[in-house]
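Below is one structure, written out as structure tokens; comments come after it.
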Amino acid sequence: MNSEPDRELSQSDALPTSSRRHLLVVGNPNVGKTTLFNRLTGQNARVGNYPGITVERRLGSLELSGGEVADVVDLPGAYSLAARSPEEQIAIFALLGLGGHPKPDLVLVVVDAGQLIRNLYLVLQLAELRVPLVIALNMIDEAGDAPPDASAIAELFGVPCVPTNAKSGLGLAALEAEIGRLLTQPVPGRFSLDYPEALKRDRDRVAEALPTSFRSNVERDRALALWALSSIDGDDELEGIPAELRERCLDVQRDAGARDIDREIIATRYAFLDSHAARIYSQATPHPPKRAASARLDRFLLHPVFGFVAFVGIMLLVFLTLFSWAEPAIHGIELAFGALADLSRAHLPGGVARDLLTEGVIGGVGNVLVFLPQILLLFLFIGLLEDSGYMARVAYLMDRVMRALGLHGRAFVPMLSGFACAVPAILATRTMERRRDRLLTMLVVPLMTCSARLPVYTLLIAALFPERKLFGWLPAGGALMVGMYAFSVLMTLLAALVLGRTVVKGRHVPLILELPPYRVPKLSSVLRMMFERAWVFLKEAGTVILACTIVLWALLSFPRAPEPSASAPAQAAAVEESSARALALERSYGGRLGKTLEPALAPLGFDWKIGVGLIGAFAAREVFVSTLGVVYGVAGGDEDTTPLRQRINAEVRPDGRPRYTPLTGLSLMVFFALACQCMSTLAVVRRETKSLGWPLFLFAYMTTLAYVASLAVYQGGRLLGFG
Amino acid sequence: MTLAEAKRGKLVTIERVGGERAFRRRLMELGLVPGTRVELKGVAPLGDPIELLVRGCSLSIRRAEAREVAVVSVEPARMGAPESARVEVELDAPSVT
């Protein structure tokens, strides 16, 4: 074994004074890493972010037998430690305790027993780095009659290896015992690999350029030098790499000439693993039984005809669930909060405090909770699709179409969800690895016709296109509704094409997609992920939505109008109250803002009343209907819009012509289709991008698009003699 | 011949992985080092991407990138041999020090 003395053994392996130990969990994607993490940490995991980057960091704690508690951090899944982006770079920095990450006391690497050699490639890198290591040989149940020999793997790398099945809990006690033992009695690493001579020289030249803060023992420095050689190049996006190290890597690569350093490193490692495969497997098992079953299923699910039928069926189920089956729960939440608001209105003394509570706080909490049914359902489906292995097939099937638009294949499910609501759809962009892919999807999804636009379209179509027939037979209302959907899809695709080539250009990244074997999802893991997502939404986006609701309420309620006199007879009071509310709204800051905006809105065919409706619609697009009801002083709820429709048709301009013509309606619908009239969307984009700039950009580009398109519709229509 | 020209269900051996560095490195790290046997398992219904079977694992890449991967057919005589981990690498045989 290695003859070099481990210079810092006593220092790096000594017990830290703090009793809180730090355990990192790493592994390839789709190896059951998260299930194992959940098993180890029980119910106490939290989801956060790595500092300065939108990569999720799951943190839990593990109680060891001695009463000690270890912090457990789940690193993002990775096939290798080599990195190009800051996201991929987290792994190496977290493993070595660089760049502000705490140094782990132990690293648990989870490997898939059914795809062992590829998984051991990662283990080899970890062993070379001499991090304190324990291997969980997971999914041992899938490896068939002749599973890999854990003791041979342990011997190969000089670290303990425990066979586990995270799903059933098999081997977990042994793993926990091993973790406890290794945390108190660390086993020093002793693995190193013999590389070709030329590569050794290159590696040592790079190792010389490592800054003091990166250095440890000789073997680790060499492994880190190999990492740097594999990762650094002219246009990587790594952060915190000292200039000297970067220069040295580029020099070494330049001097290598025709030699392919990447190939030398990787081929040497695989040659080592392959040459030991015979020792690990007691007999050759090229296709474990699970993989054979997967292949049979794929013959159907990836079939040119049946595969697409199955795909459409599954996607239709997701869509219908979000679009209509969530509706009773949404309606129930709306009714409950409506009743709560009525209760507070009826029992509390009138005044600013009551109105703030009723319309600001209760309304705001309702505005947040109303998203929960769709978020929970969408993440239930995403969890099932991911864990079953079908999500990778979605990307495989749709890649050709989505790539043409500059989108990732995995963007398909978020885009589809956009037809129900942009908020869960934006949260669902998490299924994509690259920030650029997530960002582009987030920026175009709000253009899809979400269900909140429907009440607006329904009102305008019913009021302005009643009973009309195109060509004498086609109902204009229905055709218009279909047209609005087609228009929104077209605009979404166009926006993806344009934004993907300008604002979020990004480098072209070749697709390398693993199609993992199909597995039965573990419901407890799926439900856990679903509730974690919902909780993050409530905590981080919900608070912003609540605050915005209160601001919006204040905008439309101040300055306060005098209370209507209580002495008037009931009939008159109702009329008086609705006209008083209309007057109050007109005099509010929001009303004044609407009037200020009128000159800008007039070319689109809108007046200040529509302007106030647009401001109110910020809470949620469908609120446009009720705000318009208040502006026009029309009594009646959201359920029956007949009085409002009549009022809309009766509304006239100062010169006596009707205010609302079919052309105004069309212009207004186009505006609603394109404008980002939704503070909740902006709140989740802010949460997901961790920036204020992107939501502002989203708002600006969509509003500009909406304004220009409405202007074109209205003015173009007038030139053609309509309206 | 390139991987993009391989026939469905046929075994080939990787000769050289080309293309841009990030792609080349990632593909090799997933086990497609020169000398490895790969089966073209299938083609997506829309004609692209293609699905490969490497070391018992299904991977999918696009045709454009598959054109960068040079392969040779495995002779019929060797077709019956178990497709797994027998890899011939031109480098010196490595060992644990």
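Those protein sequence lines, which keep their order, are chains A and B.
Residue numbers for the first sequence, in the numbering used here: 37 to 759.
Residue numbers for the second sequence, in the numbering used here: 8 to 104.
Note that the Cβ used here is the ideal one computed from N, Cα and C, for glycine as well.
Name the chain B residues that come within less than 7 Å of residue i, Cβ to Cβ?
i, result
"GLY442/A", "Residues of chain B passing the Cβ test: none, with the nearest at roughly 14 Å."
"SER266/A", "ARG32"
"ALA327/A", "The sequence given here has Arg at residue 327/A, not Ala. The contacting residues are GLY63."
"GLY343/A", "PRO52"
"PRO340/A", "PRO52"
Give the straight-line distance between the Cα atoms of residue i and residue j, rounded to the nearest whole angstrom.
i, j, result
"LEU408/A", "ALA570/A", "7 Å"
"ALA456/A", "PRO364/A", "14 Å"
"LEU479/A", "ARG305/A", "42 Å"
"GLY400/A", "VAL587/A", "10 Å"
"SER101/A", "ARG166/A", "26 Å"
"LEU98/A", "GLY442/A", "43 Å"
"MET705/A", "ARG381/A", "34 Å"
"LEU563/A", "VAL572/A", "14 Å"
"LYS48/B", "VAL345/A", "21 Å"
"PHE415/A", "SER560/A", "13 Å"
"VAL7/A", "PHE373/A", "There is simply no residue 7/A to check, as chain A begins at 37 and stops at 759 in what is shown."
"ALA620/A", "GLY626/A", "10 Å"
"ALA11/B", "ARG69/B", "9 Å"
"LEU208/A", "ALA202/A", "7 Å"
"ARG335/A", "GLN79/A", "39 Å"
"LYS14/B", "GLY84/A", "47 Å"
"VAL430/A", "ILE350/A", "10 Å"
Given that residue i touches chain A, what residues does it touch there, using C-beta distances under 9 Å?
i, result
"LEU37/B", "TYR115, SER116, ARG154, TYR157, ILE548 and GLU550"
"ILE68/B", "PRO546, LEU547, ILE548 and LEU549"
So, at 7 Å on beta carbons, what are the nonlocal neighbours of residue i in its own chain, with the 5 sequence-adjacent residues on each side left out?
i, result
"PHE708/A", "ARG489, VAL492 and ARG657"
"ARG555/A", "ASP423, SER424 and GLY425"
"MET438/A", "HIS444, GLY445, ALA447 and PHE448"
"GLY649/A", "PHE660, THR663, LEU664 and VAL667"
"PHE250/A", "LEU134 and LEU260"
"GLU622/A", "none"
"THR70/A", "ASP110 and SER561"
Just to make sure I have the definition right: I need the residues of chain B whose C-beta is within less than 9 Å of the C-beta of residue i. Which are they?
i, result
"VAL437/A", "LEU53"
"ALA179/A", "Correct list: empty, because the minimum Cβ distance to chain B is about 11 Å."
Tell me where the beta strand (DSSP E) around residue i begins and ends.
i, result
"ALA182/A", "Here ALA182/A belongs to no beta strand (DSSP E), and DSSP marks it neither H nor E."
"CYS64/B", "64 to 68"
"ASN174/A", "169 to 174"
"HIS58/A", "57 to 63"
"GLY199/A", "The sequence given here has Pro at residue 199/A, not Gly. Taken as a continuous stretch (DSSP letters only), the beta strand (DSSP E) holding PRO199/A covers 197 to 199."
"ASP298/A", "Not the beta strand (DSSP E): ASP298/A falls in the alpha helix (DSSP H), residues 297 to 316."
"ASP230/A", "Neither: ASP230/A is in no beta strand (DSSP E) and is coded neither H nor E."
"LEU95/A", "92 to 99"
Below 6 Å CB to CB, which residues in the same chain sit around residue i once its five sequence neighbours on both sides are set aside?
i, result
"LEU218/A", "LEU142 and VAL170"
"GLY665/A", "LEU680"
"LEU333/A", "TYR554"
"THR465/A", "PRO450, ARG474, THR477 and MET478"
"SER311/A", "none"
"LEU633/A", "GLY647"
"ALA127/A", "LEU111, ALA114 and LEU117"
Can you pull the chain B residues whose beta carbon is under 8 Å from the beta carbon of residue i, in chain order?
i, result
"ILE171/A", "Near ILE171/A there are no residues of chain B at all, since even the closest Cβ is about 17 Å away, more than 8 Å."
"SER424/A", "None at all; the shortest Cβ gap to chain B is about 15 Å."
"ARG120/A", "ALA29"
"GLN151/A", "ARG62, GLY63 and CYS64"
"ILE302/A", "ARG32, MET35, GLU36 and VAL40"
Short of 8 Å in beta carbon distance, which residues of its chain neighbour residue i, apart from the five on each side in sequence? Order them along the chain.
i, result
"PRO89/B", "The predicted model places PRO89/B with a pLDDT of 43, which falls under 50 and marks its position as unreliable; any figure quoted below should be read in that light. Closer than 8 Å at Cβ, skipping near neighbours: no residue."
"THR9/B", "ALA73, ARG74, GLU75, VAL76, ALA77 and VAL78"
"LEU98/B", "With a pLDDT of only 43 at LEU98/B, under 50, the local geometry of the prediction cannot be trusted, and the value read off the model is given with reservation. There are no such residues."
"MET86/B", "Note that MET86/B scores 46 on pLDDT, short of 50, meaning its location in the model is unreliable; the coordinates nonetheless yield the value given after this. Correct list, in chain order: LEU18."
"PHE308/A", "LEU160 and LEU229"
So residue i contacts chain A; which residues on that side make the cut at Cβ distance below 8 Å?
i, result
"LEU34/B", "ILE548"
So residue i contacts chain A; which residues on that side make the cut at Cβ distance below 7 Å?
i, result
"ARG74/B", "Going along chain A, no residue has its Cβ under 7 Å from ARG74/B, so there is no contact; the nearest lies around 11 Å."
Along the chain, where does the alpha helix (DSSP H) that runs through residue i open and close?
i, result
"GLU724/A", "715 to 725"
"GLU363/A", "363 to 383"
"GLU210/A", "One point to set straight first is that residue 210/A is Ala, not Glu, in the sequence displayed. ALA210/A -> alpha helix (DSSP H) spans 208 to 220."
"VAL254/A", "254 to 267"
"ALA711/A", "Segment: none, ALA711/A is in no alpha helix (DSSP H) and carries neither H nor E."
Alpha helix (DSSP H) segments (min. 4 residues) lying fully within the stretch 22 to 61 of chain B: Counting only runs of 4 or more, we get 28 to 36.
Which whole runs of the alpha helix (DSSP H) in the stretch 609 to 667 of chain A are 4 residues long or more, in chain order? Taken in chain order, the complete alpha helix (DSSP H) segments of 4 or more residues contained in the stretch 609 to 667 of chain A are 625 to 637, 644 to 652 and 659 to 667.
Curious, which full-length alpha helix (DSSP H) runs of at least 4 residues does the stretch 390 to 441 of chain A contain? If we require 4 residues or more, the alpha helix (DSSP H) runs fully inside the stretch 390 to 441 of chain A come out as 399 to 405, 408 to 424 and 426 to 440.
In chain order, each beta strand (DSSP E) run of at least 3 residues that lies wholly inside the stretch 471 to 500 of chain A: With a minimum length of 3 residues, no continuous beta strand (DSSP E) run stays inside the stretch 471 to 500 of chain A.
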